[in-house]
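Trainee:
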Amino acid sequence: MFNPIATYRIQFHKDFTFSDLEHIIPYLDKLGVRTVYASPIFDAVPGSVHGYDSVNPHRINPEIGTEAQLDAISQQLADRGMGWLQDIVPNHMAFDPGNDWLMDVLEKGRLSRYAAFFDVSWTSPVHGGRLMVPFLGSPLPEVIEKGDLSVAYQSQRLALAYFDTAYPLQVRSYATVLGAGEAGPPEAGIESLLAQLPEMLQLSEPEVYARRVAEFQT
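The sequence shown finishes on residue 221 if you use our numbering, and the numbering steps up by one all the way, no holes.
(1) Across which residues does DSSP place A164 in a beta bridge pair?
(2) Between H26 and P93, what straight-line distance do the alpha-carbon atoms span, to the nearest angstrom?
(3) Excluding the five sequence neighbours on either side, which residues of its own chain have a C-beta within less than 6 Å of the C-beta of Q72, listed in chain order?
(4) By Cβ distance below 7 Å, which residues in the same chain neighbour A186 in space, the five residues on each side in sequence not counted?
(5) Apart from the five residues on each side of it in sequence, which residues of its chain come closer than 7 Å, Cβ to Cβ, to S115?
(6) Among the residues of its own chain, which have a CB less than 8 Å from the CB of I91, if the five just before and after it don't count?
(7) Keeping to the same chain, check which residues put their C-beta closer than 8 Å to that of I63; ignore five residues upstream and five downstream.
(8) In angstroms, rounded to a whole number, what distance separates the CA positions of A164 and P171?
(9) DSSP has I13 in a bridge; who is on the other side?
(10) If you check the beta carbons only, do V48 and G101 fall under 8 Å apart?
(11) Which class does P60 belong to by DSSP, given the choice of helix, strand or coil?
(12) Which value, in whole angstroms, describes the spacing of the CA atoms of F80 and W87?
(13) Assuming A169 and A155 form a contact by the criterion Cβ under 8 Å, report the distance between their Cβ atoms to the nearest whole angstrom.
(14) Check each candidate in V129, T179, R133, G150 and name the one with the smallest Cα separation from L139.
(15) Straight-line CA distance for V58 to Q159?
(16) Enumerate, from N- to C-terminal direction, the unbroken alpha helix (DSSP H) stretches of 4 or more residues contained entirely within the stretch 47 to 95.
(17) Which first and last residues belong to the alpha helix (DSSP H) in which L139 is found?
(18) Nearest CA to the CA of R175: which residue from F166, I147, L196?
(19) Could you compute how far the alpha carbon of T126 sits from the alpha carbon of G132?
(20) Going by CA-CA distance only, name the one from L105, K111, S124 that's closest to V211.
(21) To the nearest angstrom, how far is the alpha carbon of F166 from that of L143?
(22) DSSP three-state call for F98: helix, strand or coil?
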């Protein structure tokens, strides 16, 4: 097992990238550093200065570099007998619209293919299976009165828009929104969508549900 000794922590962000680290590796080697302890390197909220607000654990943050650069750094360190210790942030992600996994959970609830990755109390007697998303800056009635909160159609789905952010509506709410038009029968296109919802909402397998929702939204 690798024993990380003489460790030097590197804080990556847009102003200190993989390229910057490559330039100081010889200096760290001369200092006697044997292990580089790296701050989180996965994709994070744009402009993050720490990387702990991650949004995608499967992709290197493009603001700090590429996988090819990381491979090159790994080789340089190995050539000098130096190691790498990586902070992977295993216990949390950013509550941000850029977090596709979280947005999928907000949209599909416990049928999201990513639901198991989050610690959600679906049986909470307080919220009745709904998720609390604390993004309003004022009480809800006040926000509605000011017109700061609205239903929008973005990226082929319905969302709650609040200033420059938007959170997807739960698919089960679509019937309420689509059926809330002016008095009278709904237009043919909307009527067709409303007719599809009951069957779709009976599905119970996450992958099948995801495909059906995608078809519905297109």
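Backbone N, C-alpha and C define an ideal beta-carbon position, used for all residues, glycine too.
Mentor: According to the data block:
(1) S153, A169
(2) 29 Å
(3) F21
(4) Caution is warranted here: a pLDDT of 48 is assigned to A186, below 50, making its placement in the model unreliable, and the coordinate value is therefore given only provisionally. Same-chain partners within the cutoff: there are none.
(5) D107, V108, P209
(6) P43, F45, P60
(7) I44, F45, D46, T69, E70, L73
(8) 9 Å
(9) A41
(10) yes
(11) strand
(12) Note on residue identity: the sequence assigns Leu, not Phe, to residue 80. Going by the C-alpha atoms only, they are around 8 Å apart.
(13) 6 Å
(14) G150
(15) 21 Å
(16) 70 to 82
(17) That residue, L139, is in no alpha helix (DSSP H); it is neither H nor E in DSSP.
(18) L196
(19) 6 Å
(20) K111
(21) 14 Å
(22) coil
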